[in-house]
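Peer 1:
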Amino acid sequence: MESSKRDISPATSEHAPPKKLKVSKSNQLYLDRIPSSETYTKSYMHRDTLSFVLVTKSDFLVTTSADGHVKFWKKKDKGIEFVKNYKAHTMPIAGIASTPDGLYLATISLDKTLKIFDVENFDMINIVKFDFVPSCVSWAYEKDACGWIVLVGDTSSGNIYGYTLEGTKFETYSDIHKYPVNAIAYNQKYDVVVSSDKNGVIEYWHTKTDSSNLHLKNVAWKYKTETDLYTFQKTKSVPYSIEISPSNELFVVMSSDSFVRVFNFQTGKITNSFDESLSTVQMVDGIDEMEFGRKLAIERELLKSPYVHNSRAIFDESMHFLLYPTIFGIKVVDLDTNLDVRLIGLPEPHRFVNIAMWQQFSSSKSKTADTVASSNPLIQSNLGEPTLFCTAYKQNRFYLFSQPDIDVDDADRDVFNEKPTLEEQKLAVESVESALSESAILRTTKGDIHLQLYPSKAPKAVENFCGLAAKGYYDGVIFHRVIKNFMIQTGDPLGDGTGGESLWGSEFADEFSNDLKHDKPFVLSMANAGPNTNGSQFFITTVPAPWLDNKHTIYGRVVSGMDVVLSIEKVRVDKNDKPLQDISIINVEIPKKKNF
Numbered sequence: 001m002e003s004s005k006r007d008i009s010p011a012t013s014e015h016a017p018p019k020k021l022k023v024s025k026s027n028q029l030y031l032d033r034i035p036s037s038e039t040y041t042k043s044y045m046h047r048d049t050l051s052f053v054l055v056t057k058s059d060f061l062v063t064t065s066a067d068g069h070v071k072f073w074k075k076k077d078k079g080i081e082f083v084k085n086y087k088a089h090t091m092p093i094a095g096i097a098s099t100p101d102g103l104y105l106a107t108i109s110l111d112k113t114l115k116i117f118d119v120e121n122f123d124m125i126n127i128v129k130f131d132f133v134p135s136c137v138s139w140a141y142e143k144d145a146c147g148w149i150v151l152v153g154d155t156s157s158g159n160i161y162g163y164t165l166e167g168t169k170f171e172t173y174s175d176i177h178k179y180p181v182n183a184i185a186y187n188q189k190y191d192v193v194v195s196s197d198k199n200g201v202i203e204y205w206h207t208k209t210d211s212s213n214l215h216l217k218n219v220a221w222k223y224k225t226e227t228d229l230y231t232f233q234k235t236k237s238v239p240y241s242i243e244i245s246p247s248n249e250l251f252v253v254m255s256s257d258s259f260v261r262v263f264n265f266q267t268g269k270i271t272n273s274f275d276e277s278l279s280t281v282q283m284v285d286g287i288d289e290m291e292f293g294r295k296l297a298i299e300r301e302l303l304k305s306p307y308v309h310n311s312r313a314i315f316d317e318s319m320h321f322l323l324y325p326t327i328f329g330i331k332v333v334d335l336d337t338n339l340d341v342r343l344i345g346l347p348e349p350h351r352f353v354n355i356a357m358w359q360q361f362s363s364s365k366s367k368t369a370d371t372v373a374s375s376n377p378l379i380q381s382n383l384g385e386p387t388l389f390c391t392a393y394k395q396n397r398f399y400l401f402s403q404p405d406i407d408v409d410d411a412d413r414d415v416f417n418e419k420p421t422l423e424e425q426k427l428a429v430e431s432v433e434s435a436l437s438e439s440a441i442l443r444t445t446k447g448d449i450h451l452q453l454y455p456s457k458a459p460k461a462v463e464n465f466c467g468l469a470a471k472g473y474y475d476g477v478i479f480h481r482v483i484k485n486f487m488i489q490t491g492d493p494l495g496d497g498t499g500g501e502s503l504w505g506s507e508f509a510d511e512f513s514n515d516l517k518h519d520k521p522f523v524l525s526m527a528n529a530g531p532n533t534n535g536s537q538f539f540i541t542t543v544p545a546p547w548l549d550n551k552h553t554i555y556g557r558v559v560s561g562m563d564v565v566l567s568i569e570k571v572r573v574d575k576n577d578k579p580l581q582d583i584s585i586i587n588v589e590i591p592k593k594k595n596f
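Pasting the structure below:
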């Protein structure tokens with residue numbers, strides 16, 4: 001009988017793909033134009049945590065970060081190209097918006113400023129200073145007055161302010177909301193603004209200053225009681241974002257009750273509703289219980305963070321599908337059937353938050369279902385490469401998902417497009433010096449464990465271990481998972497298996513060698529949450545564990561102190577395999593390499 005230990009792994013995810021539900025033949029054509037790669041193909045850096053990503057009709061990508069930087073990228077047939085970086089704000093950016101034609105961009109910040117950009121010339125054309133802290137931003141069009149105007153909400157009142165492209169104040173809208181506004185969107189087809197406030201009130205209105213606000217001509221209702229717009233007040237929830245569909249016939253709202261609701265714009269009625277609250281979350285194929293617990297912990301942390309307000313749902317170009325971020329990845333839902341048809345990013349350890357998608361033709365102006373379905377290589381070349389752009393919680397990178405047939409080496413996925421800080425450079429020098437060591441002493445409250453390291457076989461893993469040890473990262477960290485006749489695991493400063501990060505702040509790639517196997521006890525290996533997700537956690541086996549080969553990076557072995565390892569393995573544990581009495585690392589000593 002095969003050992004039951006084959007079903008146990010130190011936080012390993014098998015990453016079986018989720019079941020894909022069938023869609024209609026016509027919808028399948030459009031589904032094929034949505035990125036389907038389970039793992040991201042590229043990522044690029046900012047110096048601080050990413051806040052927003054935005055794709056314009058003019059084929060530009062705009063990314064912003066908490067340090068006030070705004071970066072412009074040009075979407076190419078394959079991938080993106082960096083264009084320009086602005087240190088636009090001195091405090092975190094609170095919102096960004098582009099005109100429907102993609103020609104102008106507006107950014108607002110907690111530093112009480114509005115910056116207006118000419119996108120195609122990636123030039124800042126105006127700066128507006130406020131006497132209030134802005135909450136949200138959108139554009140609207142005043143055809144009888146000044147053209148495009150920027151609408152900005154106020155965090156301390158229900159006022160909405162309108163500004164022209166020249167930066168002058170156009171109007172103050174003070175009678176629409178009583179509470180601070182937190183989301184604004186503009187429907188260009190019907191020339192109507194939709195906005196929401198912190199009391200859950202959603203309003204339709206015109207930017208005109210006459211009585212036309214009282215008589216909306218382009219909607220199919222007269223009284224709001226005929227609509228579902230009171231839903232958020234009834235559920236005592238607050239909208240985070242409002243997104244208008246490409247056809248202007250629908251809009252989608254993400255809100256604080258973790259529901260995603262799609263509305264018919266003209267009727268104000270809910271057409272689709274999806275409950276993504278924690279009470280409905282269940283295990284999915286592709287992750288184990290350990291990874292599920294880690295994702296739940298991150299989700300709870302996110303829900304308490306203001307960063308959750310950056311959550312955004314988007315429509316695909318056909319408006320048959322809706323994409324939005326969830327605990328497990330980016331969910332793709334068929335709006336005709338309400339069924340989940342794709343889950344993007346499940347194997348990745350990140351919690352994605354703000355998303356944008358590019359699906360446009362690269363050089364053709366018209367598009368039909370026939371051209372989308374065509375196998376003609378000339379037509380297909382004009383379709384370009386559909387790409388999904390995502391920010392992730394507490395990450396200073398944004399991630400690109402495209403199609404799975406793109407040949408990208410895992411080692412080349414993460415582009416280092418930012419120079420390291422002085423502190424990072426100093427740490428890199430120290431870690432390289434430490435990485436020269438071929439041994440370490442793991443001093444624990446149960447005794448010392450002497451380790452032989454394999455820098456020639458697993459250089460990144462050894463550098464990571466020694467660099468973290470030199471920083472004192474492991475000092476006081478407990479052994480949080482102990483399984484008798486299998487292994488002991490540690491390296492998580494949170495002490496529950498959900499935390500820890502590598503020396504470089506992001507996951508690093510696996511390093512497998514045919515010369516190193518889990519065929520004997522006392523092997524030192526990296527714990528992970530799936531392929532290429534190594535961080536700070538590690539484990540020591542107490543039995544041969546060949547089922548772990550080519551899943552976990554081996555970077556050392558125990559040469560002395562086996563009795564200490566076995567004494568830790570034999571302690572009493574709870575139902576989660578955590579020792580009832582804490583056993584911790586005192587420190588990790590890295591002997592200096594002797595020069596002869």
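In terms of this note's numbering, the sequence shown opens at residue 1 and continues consecutively.
Each residue gets a CB set at the ideal place from its N, CA and C atoms; glycine is no exception.
(1) With a threshold of 16 other CB atoms inside 10 Å of the CB of Ser26, please say whether the residue is buried or exposed.
(2) Using the beta-carbon count (16 or more within 10 Å), is Pro607 buried or exposed?
(3) Where does the unbroken beta strand (DSSP E) through Asp123 begin, and where does it stop?
(4) Whole angstroms is fine: what's the gap from Tyr190's alpha carbon to Val137's?
(5) Cβ of Lys198 within 7 Å of Cβ of Val238?
(6) Considering Asn464, what are the terminal residues of the alpha helix (DSSP H) in which it resides?
(7) Indicate whether Val23 and Val341 have their beta-carbon atoms separated by less than 7 Å.
(8) Whole angstroms are fine: how far does the CA of Glu38 sit from the CA of Ala373?
(9) Look at the Cβ atom of Ala313, then the Cβ atom of Gln266, and state whether they are nearer than 7 Å.
(10) What is the DSSP secondary structure of Met598, reduced to helix, strand or coil?
(11) Could you give the distance in angstroms between the alpha-carbon of Lys74 and the alpha-carbon of Phe82?
(12) Could you have a look at Asn485 and say whether DSSP puts it in helix, strand or coil?
(13) Hey, how far is the Cα of Gly472 from the Cα of Gly535?
(14) Determine the direct distance from the alpha carbon of Arg481 to that of Ile488, and round the result to whole angstroms.
(15) For Arg397, which residues from the same chain have a beta carbon less than 8 Å from its beta carbon, with the 5 sequence-adjacent residues on both sides left out?
(16) I need the straight-line Cα distance from Pro579 to Pro493, nearest angstrom please.
(17) Assuming contact is defined by CB atoms lying nearer than 7 Å, are Leu339 and Gly329 in contact in what I supplied?
(18) Assuming the contact rule is C-beta atoms closer than 8 Å, Gly162 and Phe170 should be a hit. Round their C-beta distance to whole Å, please.
(19) Across which residues does DSSP place Pro239 in a beta bridge pair?
(20) For Gln359, which of Thr172, Val55, Lys446 has the nearest alpha-carbon?
(21) Near Asp577, which residues of its chain fall below 8 Å by C-beta distance, leaving aside the five closest residues on each side in sequence?
(22) Whose C-beta lies closer than 7 Å to the C-beta of Met91 among residues of the same chain, with five residues either side of it excluded?
(23) Does the Cβ of Ser241 have 16 or more other Cβ atoms within 10 Å, making it buried, or fewer, making it exposed?
(24) Should Gln581 go down as buried or exposed, given a rule of 16 or more other Cβ atoms within 10 Å for buried?
(25) Our contact map puts Ala97 next to Ala106 with C-beta atoms below 8 Å; I'd like the distance itself, whole angstroms only.
(26) Hey, could you find the ends of the alpha helix (DSSP H) Phe602 is sitting in?
(27) Please work out which residues of its chain come closer than 7 Å, Cβ to Cβ, to Ala66, disregarding the five sequence neighbours upstream and downstream, and give them in chain order.
(28) Look at Tyr454 and Gly556 and say whether their C-beta atoms are less than 7 Å apart.
(29) Tell me the start and end of each unbroken alpha helix (DSSP H) in the segment 172 to 209 that is at least 4 residues and wholly inside, in chain order.
(30) Which of helix, strand or coil does DSSP assign to Tyr104?
(31) Hey, how far is the Cα of Gly495 from the Cα of Ile585?
(32) According to DSSP, what are the bridge partners of Arg397?
(33) Do you know how far the Cα of Val194 is from the Cα of Val252?
(34) Round the Cβ separation of Phe292 and Ser255 to the nearest angstrom and send it over; I've been treating them as touching at under 8 Å.
(35) Assuming Lys71 is part of the beta strand (DSSP E), what are its boundary residues?
(36) Inspect the beta-carbon positions of Asn272 and Val262 and report whether they are closer than 7 Å.
Peer 2: Based on what the coordinates show:
(1) exposed
(2) Residue 607 falls outside the range modelled here, since the chain spans only 1 to 596, and no answer is possible.
(3) 123 to 129
(4) Computed Cα separation, rounded: 19 Å.
(5) yes
(6) 459 to 471
(7) yes
(8) Residue placement at Ala373 cannot be trusted, given a pLDDT of 49 that sits under 50; the coordinates are not used to answer.
(9) no
(10) Given that the chain is displayed from residue 1 to residue 596, the structure contains no residue 598 and the question cannot be resolved.
(11) 6 Å
(12) Three-state DSSP puts Asn485 in coil, outside helix and strand.
(13) 15 Å
(14) Their backbone Cα atoms lie some 6 Å apart in a straight line.
(15) Ser43, Tyr44, Met45, His46, Leu50, Asp414, Ser506
(16) 15 Å
(17) no
(18) 4 Å
(19) Ser255
(20) Val55
(21) Arg481, Val482, Ile483
(22) Gly68, Ser109, Leu110, Asp111
(23) buried
(24) exposed
(25) 5 Å
(26) Nothing can be reported for residue 602, as the shown portion of the chain is limited to 1 through 596.
(27) Asp48, Thr49, Ser51, Pro92
(28) yes
(29) none
(30) strand
(31) Each residue's Cα considered, the two are about 12 Å apart.
(32) DSSP, once it has assigned bridges, lists Met45 as partnering Arg397.
(33) 11 Å
(34) In fact, because the Cβ distance is near 25 Å, the residues do not count as touching under 8 Å.
(35) 69 to 75
(36) yes
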